[in-house]
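Student: Pasting in a structure now, in C-alpha cells, and then I'll have a few things to ask.
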Amino acid sequence: MVAVMTAVGILVFVIGLLISIAWHELGHLSTAKLFGIRVPQYMVGFGPTLWSRKKGETEYGIKAIPFGGYIRMIGMFPPGEDGRITKRSSSAVRTMIEDAREASYEELQEGDETRLFYTRKPWKRVIVMFAGPFMNLILAFGLFTTVNMGFGVPTELPTIGSVSQCIVKAGDPTDKCPAGAKPTPAAEAGLKQGDKVLSFDGDRIRDYKQLQADIRKSAGRQVAIVVERDGQQLTLNPTIAVNQVQMYDADDRPVKGQTVEAGFLGFSPKRDIVQQTFGQSLDRMYDMGESGVKSLAALPGKIPGLWNAVVGDGPRDPDSPVGMLGAARVSGEVFSSDMPASQQVADFVFMLAAINLSLFLFNMLPLLPLDGGHIAGALWESVRRGVSKVLRRPDPGPFDVAKLMPFAYVVASIFIGFTLLVLAADLVNPVKIS
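What the sequence shown shows, in the working numbering, is residues 6 to 439, in sequence order.
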C-alpha cells in the first residue's frame, strides 16, 4: 500500500507541475495574442512531442519531459545592423548571435512583418514576458491562501504541551535528568500540561512567539504568569532561570548546533493546526516571499554542500536545494505517510504553492534566457529611446537582445550544471521529510 500511495503522490505532483507550467505559458500566450504577435507554438514540456493539435495559427502540445515549457513568438530579435535576418561569419560568437536571430524568423510567413515581437512597444513586451511569472505568482497566492485559511497551518500555541523536570541546555537529552540537575522554573512553579498562558509579567500574550521572547529577556527575574486551567485563572510566580537555549536567525529559524544564553522557563508548547485570517495569510506569504529571495541569493553558497551530498557519506542538509525529482519524491512521501488525508493534501498544496513562488522569483532574475532578461532588455530600450528623445538625438532603434545570446548560453550552461548537480544529489542522497 505504501508503494501505491508513493506512486500516487508522484503522479499527482507531475500533474500539478504540468498545470503550473501550462498556466505560466498561458500568461505569455494570452498577452502575446492580445498585442497581435503571432505565436506558432504553445508547448508544455521539452523533448519529443507526445500530443499536439493545431488550432488557428498555433500548435498546442505536450512533450515528454515535464520540467518546463515554452511558446514560440515570431521575431523575438530585430534584424542585424545591415537589415538582414542572417549573416554568415567565421566568428563563433557572431554565429551564436545570428543563429538565434535566424531561429526567431524561421517560421516567418507573408503578413508577419507587422506581427513581430520586437516591433511592439517596450511596455507591451514587458507585459508579455512578465505575464508568465505573474501567473505563477497568482497561482502561488491562491494555493497559499487555500492552505492557510482553509486547512490551517501547524502552529505553536501559548499553551503548555509538556513540562520539563530539570534544566538541561539545548541539544542535551531531556528524557532523563542528569545527577545534580536543578528543577525547571516551570516545574517548581506548578505549571501543568494544558495550562493556557494569558499574561506574562503583565503583558497580555497573543501567541507563543511573543511568550518565548518575553521569557528569553527575563533571565534571573521573578515574574507573574497568569494561566487558565480548567476554566479558572491562576497566577504563578516562577523565577526565570539562565540557560543555554536554541539560537534563532533573523527569520526565526533555528540555527543548527548553535545556542545562546537567555531566560529559560522549561516547557514545550502545544502544537495544533490553526486556520489563519486573511491578514495572517498575507503576512505568512510575505514572509515566504522574503525567505524565497534570500534562498535564491544563497544558492551559490549551497554548491559545496550539494557536492558533498553526492560524493560524501554524510547526511544531506535539510535546507539543501531540491529539484523537481526530489520534490516528486517528497510528494510521494507525503501521500504514503500516516498523516490524516487532509494534512497530506494541505502539505502537497503548500509544496506546489512554494514551487510556483520559486518559479516566479527565478524567472524574474534579469538574466537571459529567463523572462527577466527579456524584461531588462525591453526596459533598457525604453530608457535609451527616452534619453535620446529628451536630448533630441536620433532614435537608436530597438535594443538588439540577440547580441547577448553568448552570455545567455553561459548562463544557461551554469543553470544546467547546477540542475544536474541537484538531480544527482536527489538521486543518491535525497532530502526526506521524516
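Glycine included, every Cβ here is placed at the ideal spot set by N, Cα and C.
Under a Cβ-count criterion, where at least 16 other Cβ atoms within 10 Å of its own Cβ denotes burial, should P403 be classed as buried or exposed?
Tutor: Position 398 of the sequence shown, counting from 1, holds the residue named residue 403. Under this definition P403 is a buried residue.
Student: Cutting at 7 Å between CB atoms, please list the residues of its own chain near A429, excluding the five before and the five after it.
Tutor: As a working note, residue 429 is residue 424 in the sequence shown. Result list for A429: V315, in chain order.
Student: For the alpha helix (DSSP H) holding Y291, just list the boundary residues, first then last.
Tutor: For this step, residue 291 is matched to residue 286 along the sequence shown. Looking at the DSSP string, the run of the alpha helix (DSSP H) that includes Y291 is F283 to A302.
Student: Determine which residues share a DSSP beta bridge with S325 and list them.
Tutor: Taking the sequence shown and counting its residues from 1, the one referred to as residue 325 is at position 320. In DSSP, S325 forms no bridge with anything.
Student: Which word fits K307, buried or exposed, when buried means at least 16 other C-beta atoms lie within 10 angstroms of its C-beta?
Tutor: Indexing the sequence shown from 1 puts residue 307 at position 302. Buried, since its Cβ has 16 or more Cβ neighbours within 10 Å.
Student: Please state the DSSP three-state secondary structure of I360.
Tutor: Residue numbering aside, residue 360 sits at position 355 when the sequence shown is read from its first letter. Helix at I360.
Student: Would the stretch 142-160 and the stretch 353-368 be scored as touching if the rule is three or more Cβ pairs under 8 Å?
Tutor: yes
Student: Does the beta carbon of E62 come closer than 7 Å to any beta carbon on chain B?
Tutor: Judged by its chain identifiers, the structure shown contains no chain B, having just a single protein chain.
Student: Give the secondary structure of V350 by DSSP, where H, G and I count as helix, E and B as strand, and everything else as coil.
Tutor: Walking along the sequence shown from the start, residue 350 turns up at place 345. Here V350 sits in helix by DSSP.
Student: Here's the rule: buried if 16 or more other CB atoms are within 10 angstroms of the residue's CB, otherwise exposed. What is N361?
Tutor: Numbered from its first residue, the sequence shown carries residue 361 at position 356. By the 10 Å Cβ count, N361 comes out buried.
Student: Could you name each continuous alpha helix (DSSP H) segment of 4 residues or more that falls completely within the stretch 244-287, going from the start of the chain to the end?
Tutor: none
Student: Taking the straight line between their C-alpha atoms, what separation do you get for L31 and G137?
Tutor: Residue mapping note: residue 31 aligns to position 26 of the sequence shown, counting from 1. Residue mapping note: residue 137 aligns to position 132 of the sequence shown, counting from 1. The straight-line gap from Cα to Cα measures roughly 7 Å.
Student: On the three-pair Cβ rule with 8 Å, is the stretch 18-29 touching the stretch 325-337?
Tutor: yes
Student: How many Å lie between R120 and Q114 at the Cα?
Tutor: Taking the sequence shown and counting its residues from 1, one reaches residue 120 at position 115. Taking the sequence shown and counting its residues from 1, one reaches residue 114 at position 109. One C-alpha to the other measures close to 10 Å.
Student: Per the DSSP calculation, W56 is bridged to which residue(s)?
Tutor: Walking along the sequence shown from the start, residue 56 turns up at place 51. BP columns for W56 point to I67.
Student: What span of residues does the alpha helix (DSSP H) with T189 cover, start to end?
Tutor: Counted from its first residue, the sequence shown places residue 189 at position 184. Run containing T189: none; DSSP gives neither H nor E here.
Student: Determine which residues share a DSSP beta bridge with R234 and list them.
Tutor: Locating residue 234 in the sequence shown gives position 229, where the first residue counts as 1. In DSSP, R234 forms a bridge with Q237.
Student: For S204, which three-state DSSP category applies?
Tutor: Counting from one through the sequence shown, the residue named residue 204 turns up at place 199. In this structure, S204 counts as strand in the three-state DSSP scheme.
Student: Let me make sure I understand the geometry here. Which of S363, V298, D376 and V427 has the alpha-carbon closest to that of S25?
Tutor: Within the sequence shown, the letter at position 20 stands for residue 25. It is S363 whose Cα lies nearest to the Cα of S25.
Student: May I have the straight-line CA-CA distance separating D431 from W56, to the nearest angstrom?
Tutor: Within the sequence shown, the letter at position 426 stands for residue 431. Within the sequence shown, the letter at position 51 stands for residue 56. Distance between the alpha carbons of D431 and W56 is about 29 Å.
Student: Tell me whether S325 is buried or exposed, calling it buried when 16 or more other Cβ atoms sit within 10 Å of its Cβ.
Tutor: Working through the sequence shown from its first residue, we reach residue 325 at position 320. S325 should be labelled buried.
Student: Keeping to the same chain, check which residues put their C-beta closer than 8 Å to that of N242; ignore five residues upstream and five downstream.
Tutor: Counting from one through the sequence shown, the residue named residue 242 turns up at place 237. For N242, where only same-chain residues beyond five positions count, the Cβ hits under 8 Å are A194, Q227, V228, A229 and I230.
Student: Which stretch, first to last residue, makes up the beta strand (DSSP E) that contains S167?
Tutor: Here residue 167 refers to the residue found at position 162 of the sequence shown. Where S167 is concerned, the enclosing beta strand (DSSP E) starts and stops at V158 to V168.
Student: For R473, which residues of its own chain have a beta-carbon under 6 Å away from its beta-carbon, when the five flanking residues on both sides are left out?
Tutor: Since the first residue of the chain shown is 6 and the last is 439, residue 473 is not available in this structure.
Student: Where S94 and V416 are concerned, what is the direct C-alpha to C-alpha distance, given to the nearest angstrom?
Tutor: Here residue 94 is taken as the residue at index 89 of the sequence shown, counted from 1. Here residue 416 is taken as the residue at index 411 of the sequence shown, counted from 1. Caution is warranted here: a pLDDT of 47 is assigned to S94, below 50, making its placement in the model unreliable, and the coordinate value is therefore given only provisionally. Straight-line spacing of the CA atoms in S94 and V416 works out to 23 Å.
Student: Starting from S223 and walking both ways along the alpha helix (DSSP H), at which residues does that stretch end?
Tutor: On the sequence shown, residue 223 is found 218 positions in, with the first residue counted as 1. It is not in any alpha helix (DSSP H) - S223 carries neither H nor E in the DSSP assignment.
Student: Output yes or no for whether 7 Å exceeds the beta carbon distance between R234 and D200.
Tutor: As a working mapping, residue 234 is identified with position 229 in the sequence shown. As a working mapping, residue 200 is identified with position 195 in the sequence shown. Yes, the Cβ-Cβ distance between R234 and D200 is below 7 Å.
Student: What are the boundary residues of the alpha helix (DSSP H) that includes F82?
Tutor: Along the sequence shown, one-based indexing puts residue 82 at 77. Run containing F82: none; DSSP gives neither H nor E here.
Student: Once you ignore the five residues that flank L23 on each side, which residues in its own chain have a CB closer than 7 Å to its CB?
Tutor: Position 18 of the sequence shown, counting from 1, holds the residue named residue 23. Closer than 7 Å at Cβ, skipping near neighbours: V49 and P71.
Student: Whether or not the stretch 35-52 and the stretch 393-407 are in contact is what I'm after, with contact meaning three or more pairs of Cβ atoms, one per stretch, closer than 8 Å; do they touch?
Tutor: These segments do not touch.
Student: Tell me the DSSP secondary structure of Q217 in three-state form.
Tutor: Sequence index remark: in the sequence shown, residue 217 carries index 212 (1-based). DSSP places Q217 in helix when its eight states are reduced to three.
Student: P53: buried (16+ other C-beta within 10 angstroms of its C-beta) or exposed?
Tutor: The count along the sequence shown starts at 1 and reaches residue 53 at position 48. When all chains shown are included, P53 counts as exposed.
Student: Taking only three categories from DSSP, how would you classify I42?
Tutor: Position 37 of the sequence shown holds residue 42. It is coil, neither helix nor strand.
Student: For V49, write down the residues that DSSP places opposite it in a beta bridge.
Tutor: Reading the sequence shown from its first residue, position 44 is the one you call residue 49. Beta-bridge pairing links V49 to I67 and G74.
Student: Whose C-alpha, out of V406, R389 and A407, is nearest the C-alpha of G399?
Tutor: Along the sequence shown, one-based indexing puts residue 399 at 394. In the sequence on display, residue 399 carries Pro and not Gly. When only C-alpha atoms are compared, the closest one is R389.
Student: So, are the CB atoms of F340 and M10 less than 7 Å apart?
Tutor: Indexing the sequence shown from 1 puts residue 340 at position 335. Indexing the sequence shown from 1 puts residue 10 at position 5. In this structure, M10 lies closer than 7 Å to F340 by Cβ.
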